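Undergrad:
Chains as they are written, first to last, in my numbering: chain V, 155 to 822; chain H, 2 to 222; chain Z, 2 to 316; chain R, 6 to 497.
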């Protein structure tokens with residue numbers, strides 16, 4: 155079987171990477187192998203997405219002796235195999251040219267195949283133990299790659315925070331599965347589907363599942379590790395962590411909440427929806443204020459996860475309400491957004507990798523004018539930016555449109571919580587989308603347009619063919635998924651059917667190019683037609699202008715209101731671009747404060763403008779927690795320094811205490 | 002002789018051991034502690050001998066002998082000698098005032114009686130009574146280890162604890178010899194180890210006060 | 002068949018009418034300020050003259066700088082072709098609903114902002130940054146308006162909304178009023194009119210839109226200007242269509258209906274244009290950092306509009 | 006006894022070999038030869054223990070083998086063997102650094118074998134009294150080894166160890182006596198009333214109140230040797246100050262033996278319907294150990310104490326699991342015993358190599374191991390991740406079972422368990438990152454890296470254990486599973 159073969163090769167590649175790590179060619183070989191493997195897995199996913207019944211499954215004599223390791227490929231799994239391995243293939247192809255030149259390449263290459271393997275196994279696992287083993291291996295492999303550049307204390311800290319949060323997630327999923335399996339301990343998913351959870355059990359399972367998978371996906375306030383860890387890894391790994399691993403987490407959420415969990419009440423949908431809204435807005439607000447390109451991308455991941463979770467929450471709420479059709483619509487929208495995000499976020503991270511490879515800089519302040527120097531990378535990054543800013547006709551807009559459409563039907567639910575919650579979430583979603591556009595105008599405009607802000611940026615030249623090709627492929631994917639949305643949604647309906655028990659008509663009574671879910675009167679969107687129409691208008695405009703007017707063109711210095719400054723420092727920088735937004739939003743949320751120090755009259759020193767911001771969630775949640783733990787540790791630690799008599803006293807106390815307990819229980 | 006009579010005697014001796022245990026707590030001077038301990042050991046020997054007589058278990062005479070020779074004589078002398086040789090100062094340093102120690106001791110005795118009371122069926126009255134006494138002696142021994150500072154008094158407390166163990170063992174009807182041997186064995190080794198310790202400690206410190214040993218107390222991080 | 006015809010008419014109408022609308026607003030403003038002012042058809046002349054001039058491009062500019070005007074114009078034009086002005090019976094109308102319209106306008110803004118930053122001057126960045134701030138609040142407001150409209154009419158397609166309103170299913174509703182108010186504020190912001198921006202100013206510190214396009218000249222500038230004009234027309238048409246759809250021809254109504262619709266549309270357009278001019282002359286421009294409050298107000302109005310629907314449902 | 010009797014009963018052989026060699030090594034003058042002989046002898050003991058799987062000797066009055074102790078015996082001899090290998094390399098370094106005199110070394114090897122003997126005796130004893138004697142003897146031998154270095158700290162550690170464990174062992178003896186008293190009316194006088202094989206059958210008829218009382222003393226007594234908080238105080242110092250091979254066997258084996266003794270008695274209690282359930286007390290002790298060690302781990306500056314506390318943590322988890330009872334939890338507890346002793350002894354091999362290579366025990370002076378000593382650093386990484394409960398290593402499997410099954414039955418009990426495990430993991434992860442990564446230390450005090458034979462002696466056992474743990478995490482051999490399941494049933 156194709157998939158099995160691909161999975162077999164990955165660990166072998168890891169072994170090879172360890173053995174042959176000294177030779178420089180080995181890295182190229184390993185990444186090429188990873189590319190082939192993920193391409194094969196991609197094909198496997200396509201093969202099973204058909205939606206034919208009877209998902210193939212396999213049982214291996216591994217793991218828990220009386221359970222063994224179960225694997226299964228149903229439509230959901232197949233879809234995520236597709237999502238994940240598309241990006242994985244692109245990232246691997248990129249890494250063939252990129253991974254071999256990293257300073258710490260030998261600390262990355264061996265873990266990369268393991269990472270891919272683990273992520274795929276999470277999708278394939280059909281029992282809790284296998285699932286968690288794969289889940290945790292995924293965390294560990296990515297952790298090791300995060301700390302690959304280990305001389306930098308920041309990376310080490312990021313790695314520690316990351317791995318602790320990852321284990322927190324696992325320790326939420328463990329009891330969750332424990333409840334699903336019941337005291338009998340039948341950890342296969344089939345058994346879990348059949349189990350009846352009590353009201354308390356259902357509550358706990360849902361809560362723990364959301365905490366466990368949410369912490370991995372970056373749901374606010376559990377996102378704290380994400381913007382630290384994702385940028386710390388080398389870019390092709392960051393691409394996978396941001397674009398793919400978060401999707402694996404969402405897969406887990408869907409699997410547990412919509413598949414294993416018997417019936418989930420709409421309250422959870424409402425809660426998820428609100429959490430998603432807050433996550434989206436906060437994430438993009440963080441992102442728009444970042445000056446580090448990769449941190450910006452990581453925060454924007456938080457935002458997109460929030461958007462996807464809004465859709466998921468809606469789906470759960472509708473399903474809990476029995477409105478199956480709308481549930482299916484919301485779920486399709488959410489899945490669509492996950493697929494989109496994995497494509498364009500991978501693209502953008504690979505782009506940032508190309509920028510780093512070309513200039514060695516990550517900070518916006520040192521970039522600029524790259525579009526003229528790296529045309530391919532610039533073009534691909536532009537597509538990604540436009541897509542993530544959810545501009546038609548690219549894919550980002552389709553999923554946003556679908557989510558908004560299903561959101562607009564939210565008030566049809568009888569609960570007042572939803573009636574009032576939905577518009578608020580709608581406002582959040584719209585705000586997030588608009589801010590995302592701002593964020594990426596800023597990022598692209600400052601990194602790729604204008605004049606170079608550093609010599610490195612001035613001397614940059616475009617990256618190798620393989621890297622360009624992988625970015626181009628992803629850019630094409632963005633366009634295709636945007637222009638023929640109906641094809642995608644048709645595929646998604648196969649996935650949604652078993653989860654919501656209904657066949658969604660995504661292009662009701664209008665036919666192929668028209669995306670008009672549920673009913674045509676709701677309003678329709680046809681990217682296909684818009685593109686053709688728009689292109690023709692574009693052509694007409696150009697034609698007319700060149701017919702009526704002159705073609706004469708002259709290159710000159712910028713006019714700039716008559717007094718051009720030839721120093722690049724006169725350009726707008728990241729912070730200055732963000733200033734209006736910082737004043738509008740940051741003042742309250744981040745306690746952003748600006749202070750200007752003017753030199754004395756006659757003093758030639760430059761004036762200084764400094765901005766101070768604090769992360770409310772880190773300051774408000776994590777810091778106090780850490781302080782509490784420290785306090786306890788300090789006090790417990792005193793027990794190390796007692797005298798022998800003191801310890802004897804403890805023993806004696808224990809003995810007497812237990813004797814008393816026995817005495818009392820005997821009297822009772 | 003009647004069951005009742007033998008039971009009374011056993012009870013009496015056991016009570017004596019317990020009283021000796023209280024005596025240990027009461028003493029203010031190290032030598033007096035040693036003497037009291039010797040007395041307790043003698044009483045223990047008597048108890049063992051009596052049990053041997055009652056249960057027609059000759060091996061218990063061995064135990065009695067061990068207790069008499071080893072605990073009642075050898076150990077006190079050894080400690081005596083150590084104190085003389087190392088010039089340990091002769092007063093007992095208490096962590097908890099004697100009055101309070103006594104009160105706690107009484108409470109412990111009450112606890113052990115309360116614990117043993119429900120043990121009625123099957124177990125003979127003999128077992129039950131001496132069990133209560135033995136447990137009290139054990140607990141008192143531990144109490145002594147906690148509330149007294151000198152190394153010597155701690156050792157004595159440890160020994161008193163073991164006296165309680167032996168008292169329980171001998172009064173357990175027909176318990177095989179292996180146990181007594183093991184106890185004697187362990188006590189012997191215990192003493193030698195102590196000896197080694199004191200020796201080393203002597204190399205390093207001028208006093209036997211445990212507090213000196215504990216100046217380091219591990220991992221100052 | 003008609004649908005295709007009317008669609009063609011619409012395509013030409015919006016682009017032909019736009020300069021006139023702008024010129025008319027300027028003319029009325031001049032009159033209100035006691036000046037004679039240029040004739041309403043002056044913009045046609047300006048555009049033609051600009052087309053004749055050579056285009057000057059900064060050395061540091063990339064291809065985005067050259068493509069942006071056309072993309073912007075095309076996207077705005079495309080959006081304008083889809084808003085029903087005189088008839089809802091257009092073949093391409095269903096291709097985009099209100100959400101897609103908002104997004105199409107965002108495309109234009111995205112490119113203009115990028116173009117503003119492309120040359121690498123301080124003013125370009127200033128303009129782009131402010132424009133994006135405005136957009137990041139105006140767009141959500143617009144979507145909330147769409148939300149309330151779709152709650153009222155059960156659809157997001159403008160044609161369907163018109164049909165719904167004309168069928169007389171809606172009386173006077175608070176929420177529609179709120180939505181209208183929000184819509185007007187958004188329109189003012191998006192078109193860079195007073196009090197948000199002053200289309201006539203070139204005073205550096207206050208300009209927003211003008212600062213972005215400062216570097217443009219010749220045919221590129223013409224495209225930019227044209228795009229702005231079409232956008233103004235589009236918003237006027239949108240307000241007219243959504244909140245005062247009377248007279249718009251429905252499918253089935255023949256050529257006569259269409260002509261009536263056309264007349265009605267022209268009337269509405271010029272009324273609204275005059276109102277705009279009056280409004281602009283009567284108030285002063287606000288400080289840059291009060292935009293957030295202004296548009297936040299619009300956003301909240303949109304939100305209120307949706308919430309109020311439940312009240313009107315409840316009674 | 007005659008030789009053919011020895012070979013008739015492999016158990017006697019297994020006990021005789023270490024006993025005899027303990028005597029022989031004591032008189033052997035050359036420590037070099039002794040260290041090699043030590044390896045050979047432990048190896049043969051291990052080989053002999055494997056024959057137990059082939060055929061199981063019939064229980065005698067003194068000794069017996071059943072599903073429970075058969076694999077523990079094998080495990081003990083195996084770890085004893087690998088530790089002997091590691092110790093050869095370690096000892097060579099120590100005497101090269103002139104930290105240990107030849108006399109000490111002779112003493113050390115003899116005591117090592119004696120220690121193995123006492124543990125094997127404790128495991129295979131069919132008599133509560135003999136078992137007690139064996140555990141006591143094990144304490145004494147290790148006390149002497151802990152004080153081997155004669156430093157002030159070593160002596161204090163040994164003193165602490167001796168006092169606390171002697172008191173504990175005394176209490177355990179009292180408990181043993183009580184059990185005899187409970188059994189004696191049923192079983193009659195004499196050794197029958199102390200033989201496991203006979204007791205377990207009759208346990209239902211015993212005097213329940215005496216059993217309850219006995220269990221308290223046994224829990225406090227043997228619990229002290231298991232290292233359950235708040236009886237744990239001796240453990241960190243004893244681990245920290247003794248020679249590292251001894252720390253390895255202390256953590257890897259002695260704690261298991263003590264826990265084994267406790268569990269044997271728990272079987273009796275479980276077999277008697279009228280007794281109070283021992284579970285709550287054990288759960289309580291388990292949780293307290295888990296929490297105490299979790300917070301202690303955060304403040305440790307000494308690498309050996311760090312892992313000593315982690316041993317306390319894991320003993321707590323096992324005690325918790327056995328306290329919960331039920332097939333799943335008991336299975337998990339047994340698995341955890343095995344995995345922990347393999348992993349923890351492996352970790353101490355790594356620690357020994359580290360302290361010798363870098364010449365320090367301070368955590369803040371140990372950095373960048375993956376750069377300076379890759380084989381050692383990555384080995385330590387896998388081992389520590391394993392002990393922290395990361396898949397695909399074996400400890401994860403047991404923790405998975407404990408947590409999930411507990412939560413399914415007693416959600417409120419699982420919460421502190423999870424919190425404790427998380428705290429412990431956080432502490433370990435922070436320490437591990439510090440040790441593995443960052444700028445490596447300039448090797449000025451220590452011996453620097455190892456080469457050739459010495460590196461094989463040092464890293465071979467480590468990697469052997471690591472491999473076994475990884476394999477066990479993915480695949481458990483069927484017979485092992487079957488033993489675990491039968492024992493889990495017996496534990497109730």
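All C-beta atoms, glycine included, are put in the ideal place defined by N, C-alpha and C.
The structure presented is a predicted model; accordingly, all values stated were derived computationally and were not measured.
Below 7 Å between beta carbons is the criterion; list the residues of the segment 25-44 of chain R that meet it against any residue of chain V, in chain order.
TA: The segment 25-44 of chain R vs chain V, Cβ under 7 Å: nothing.
Undergrad: Once you ignore the five residues that flank residue 419(V) on each side, which residues in its own chain have a CB closer than 7 Å to its CB?
TA: Cβ within range, chain order: 474.
Undergrad: Can you round the beta-carbon distance between residue 768(V) and residue 744(V) to whole angstroms, since I take them to be within the 8 Å contact cut?
TA: The pair is a contact, with the Cβ atoms about 6 Å apart (cut-off 8 Å).
Undergrad: List the whole-angstrom C-beta distance separating residue 525(V) from residue 58(Z), where the pair is believed to meet the contact cut-off of C-beta under 8 Å.
TA: Actually they do not touch by this definition, with Cβ atoms about 14 Å apart.
Undergrad: Need the endpoints of the alpha helix (DSSP H) that residue 150(H) sits in, please.
TA: Residue 150(H) -> no alpha helix (DSSP H), and no H or E assigned at all.
Undergrad: In the segment 271-321 of chain R, which residue ranges form an unbroken alpha helix (DSSP H) of at least 4 residues, counting only runs that do not cross its ends?
TA: Whole alpha helix (DSSP H) segments, 4+ residues: 284-304.
Undergrad: Got a sec: does the ligand SAM put a non-hydrogen atom nearer than 7 Å to the Cβ of residue 100(Z)?
TA: What this structure holds is no ligand at all, so the ligand SAM is not there to describe.
Undergrad: Counting only C-beta atoms, is residue 192(R) closer than 8 Å to chain H at any point?
TA: It does not: the Cβ of residue 192(R) has no partner Cβ on chain H nearer than 8 Å.
Undergrad: Quick check on residue 764(V): buried or exposed, where buried means 16 or more other Cβ atoms within 10 Å of its Cβ?
TA: Classification for residue 764(V): exposed.
Undergrad: Rounded to whole angstroms, what is the Cα-Cα separation between residue 634(V) and residue 294(R)?
TA: About 59 Å.
Undergrad: Taking Cβ-Cβ distances below 7 Å as the criterion, which residues of the segment 788-805 of chain V are in contact with chain H?
TA: Listed by position, the residues of the segment 788-805 of chain V near chain H (Cβ gap below 7 Å) are 794, 795, 797, 798, 799, 802, 803.
Undergrad: Going by DSSP, name the residue or residues bridged to residue 762(V).
TA: Bridge partners of residue 762(V): 751(V).
Undergrad: Does any residue of chain H have a CB that is nearer than 8 Å to the CB of residue 184(V)?
TA: For residue 184(V), the answer is no, since every Cβ of chain H falls outside 8 Å of its Cβ.
Undergrad: Spatial neighbours of residue 169(V) within its chain, please: CB distance less than 6 Å, with the 5 preceding and 5 following residues excluded, ordered by chain position.
TA: Around residue 169(V): no qualifying Cβ.
Undergrad: For chain Z, is any of its Cβ atoms less than 8 Å away from the one on residue 679(V)?
TA: Closer than 8 Å to some Cβ of chain Z, the Cβ of residue 679(V) qualifies, so yes.
Undergrad: Give a yes or no on whether 8 Å exceeds the smallest Cβ distance from residue 175(R) to chain H.
TA: Answer yes: the Cβ-Cβ gap between residue 175(R) and chain H drops below 8 Å somewhere.
Undergrad: Can you say whether residue 293(V) is buried or exposed, counting buried as having 16 or more other CB atoms within 10 angstroms of its CB?
TA: Its Cβ being crowded by 16 or more others within 10 Å, residue 293(V) is buried.
Undergrad: For residue 211(V), count neighbouring Cβ atoms within 10 angstroms of its own Cβ and tell me buried if that reaches 16, exposed if not.
TA: Its Cβ having fewer than 16 others within 10 Å, residue 211(V) is exposed.
Undergrad: Of all the residues that make up the segment 114-147 of chain R, which are near chain H by a beta-carbon distance shorter than 8 Å?
TA: Taking 8 Å as the Cβ-Cβ cut-off against chain H, the residues of the segment 114-147 of chain R that qualify are 132, 134, 135, 137, 138, 141, 145.
Undergrad: Our contact map puts residue 221(R) next to residue 816(V) with C-beta atoms below 8 Å; I'd like the distance itself, whole angstroms only.
TA: Contact holds; Cβ gap of about 6 Å.
Undergrad: Under 8 Å, do residue 381(R) and residue 355(R) count as touching if we go by C-beta distance?
TA: Against a cut-off of 8 Å, the Cβ pair of residue 355(R) and residue 381(R) comes out as a contact.
Undergrad: Under 8 Å Cβ-Cβ, which residues of chain H neighbour residue 172(R)?
TA: Per Cβ cutoff of 8 Å: 143, 146, 159, 162.
Undergrad: Using a C-beta cutoff of 8 Å, does residue 182(R) count as contacting chain H?
TA: Output row for residue 182(R): interface = yes.
Undergrad: How is residue 811(V) classed by DSSP in three states: helix, strand or coil?
TA: In the structure shown, residue 811(V) sits in a helix (DSSP, three-state: H, G or I).
Undergrad: With a threshold of 8 Å, are at least 3 pairs of Cβ atoms found where one atom belongs to the segment 22-34 of chain Z and the other to the segment 208-221 of chain Z?
TA: Judged by Cβ distances under 8 Å, the segment 22-34 of chain Z makes no contact with the segment 208-221 of chain Z, as fewer than three pairs qualify.
Undergrad: Using 8 Å as the limit for Cβ to Cβ distance, is residue 397(R) near chain V?
TA: Yes, its Cβ sits closer than 8 Å to a Cβ of chain V.
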